[in-house]
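For the sequence shown, the numbering used here gives the first residue as -7, with consecutive numbering after it. Please read the structure below before turning to the comments.
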Amino acid sequence: MPGGGLFYYDSKVPGNGENSAGRGQTVILIHGLGDEADTWRHIFPALCATGYRVIAPDLPGFGRSIWKGRINMRVHCRAAQELLKLPGAADSGNPAIIIGSSLGAGIAELTAFKYPDLVQKIILIGGCFPFKYKLDKNILLASLPFAGKRWYRSFRLDHDRAWKSLFPYYYNLGSMGAEDREFLRKRVIDRVESKNQERGYFATMKSMGTFLPFNKNYMMRALRNFPGKIGMICGENDYIFPKDRTLIVRQIRPDIETIAIAGAGHLPHQEKPAETSAQILRIMQN
């Protein structure tokens, strides 16, 4: 893509014929703000094991997608659209499924609404358009000019504070396995130390502030008219995107199935991966 190199995992192994991994329908997994493809580390193998081709990108400016060009909502959507155009990923005879988490849920919607012939179904985890988020104090602080970047950079001096900044996104981060906790701690430290990801985070935040208000009416119409199926999954204890927010969306699309995952916060695919995988597969195969 113009602007940088898009990193993504792809379960399909080219050239191996019947031995290729992921010979079935394509599933694209899109992470949220300040996250990366590894957020799906427990979901990716579960979907591959049932025969799906699974693709999970680091959005521009996040993770390993080093970005020199402009970063905004439209660039993130173009990245998702480029994945639909990968060889064998999707066509009108074999449309893809897109799953998005938090901000990634909105990107999944935008992509599906633009290419309804290439997307059969979308599954929205902890987010959607139109939406209202309950912003924790860290997100509110990050949105302030100058103060936000000063807050973000302060984590480089105190990695324990960086680790604790994750707590609002989980129901009980401390109860997760030691391997997961170690992984998440290392990842948040890598993130706050990365100038590329700092730029990606704040550029995306700024873009959201102008993109969402001006596109709300379009998104409501597109949601109503999208011909594919839509499923929503929320953590029972998600305080960033409480499950009652799904009622707003169901007023527009009463046919949307909504599922709450017990014992999970904003990232049920990380906190309760087995339960979330089971519900994802059920929605996809229904």
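Idealized CB from N, CA, C, for every residue including glycine. Predicted, not measured: the structure shown is a model, and the values here were computed from it.
| Within the 7 Å Cβ cut-off, does Asp150 reach chain E? | Annotation note: the requested chain E is absent from the structure, which comprises a single protein chain.
| Does DSSP classify Ile225 as helix, strand or coil? | strand
| Closest to Leu95 by CA distance: which of Ile240, Phe218, Met197 and Leu273 is it? | Met197
| query | Ala270: buried (16+ other C-beta within 10 angstroms of its C-beta) or exposed? | reply | exposed
| field | Same chain, Cβ closer than 6 Å to Arg177, neighbours up to 5 away in sequence not counted | value | Trp155
| In terms of residue numbering, what span does the beta strand (DSSP E) encompassing Leu78 cover? | Careful: Leu78 lies outside any beta strand (DSSP E) and carries neither H nor E.
| query | Excluding five sequence neighbours on each side, which residues of the same chain lie with their C-beta closer than 8 Å to the C-beta of Phe36? | reply | Tyr1, Ser3, Leu21, Val46 and Ala48
| said: List, from N- to C-terminal side, the beta strand (DSSP E) runs of 3 residues or more that fit wholly inside the segment 92 to 172. | reply: 111 to 117
| Thinking just about the alpha-carbon of each residue, which of Gly24, Asn86, Lys106 and Gln17 is nearest to the one in Met200? | Gly24
| request: Can you tell me the Cβ-Cβ gap for Glu101 and Met(-7), rounded? I've got them flagged as a contact below 8 Å. | output: 20 Å between Cβ atoms; not a contact.
| said: Whole angstroms are fine: how far does the CA of Phe218 sit from the CA of Ser57? | reply: 30 Å
| message | Quick check on this structure: which residue in Val241, Ala82, Thr202 and Ser186 has the alpha carbon closest to the alpha carbon of Gly55? | response | Ser186
| task | Could you spell out where the beta strand (DSSP E) holding Leu21 opens and where it closes? | result | Thr18 to Ile22
| message | Tell me whether the segment 212 to 232 and the segment 244 to 260 touch, counting them as touching only if at least three CB pairs, one residue from each stretch, are closer than 8 Å. | response | yes
| Taking contact to mean at least 3 C-beta pairs separated by less than 8 Å, is the segment 103 to 111 in contact with the segment 237 to 249? | no
| task | With a cut-off of 8 Å on the beta carbons, I'd call Tyr163 and Glu263 a contact; round off their distance for me. | result | 6 Å
| message | Strictly by DSSP, which residues pair up with Asn64? | response | Beta-bridge pairing links Asn64 to no other residue.
| request: Leaving aside the five residues before and after Leu26 along the sequence, list all residues of the same chain whose C-beta is less than 6 Å from its C-beta, in chain order. | output: The sequence given here has Gly at residue 26, not Leu. For Gly26, where only same-chain residues beyond five positions count, the Cβ hits under 6 Å are Tyr193.
| task | Since I believe Ser93 is in contact with Leu259 (beta carbons under 8 Å), could you give me their beta-carbon distance rounded to a whole number of angstroms? | result | 7 Å
| request: Pick helix, strand or coil for Asp2, following the three-state DSSP scheme. | output: strand
| task | Check each candidate in Asp30, Gly140, Ala88 and Gln277 and name the one with the smallest Cα separation from Asp172. | result | Asp30
| query | Taking C-beta to C-beta, are Gln112 and Ile89 nearer than 7 Å? | reply | yes
| field | Residue ranges of each alpha helix (DSSP H) within the segment 185 to 223, 4 or longer | value | 187 to 217
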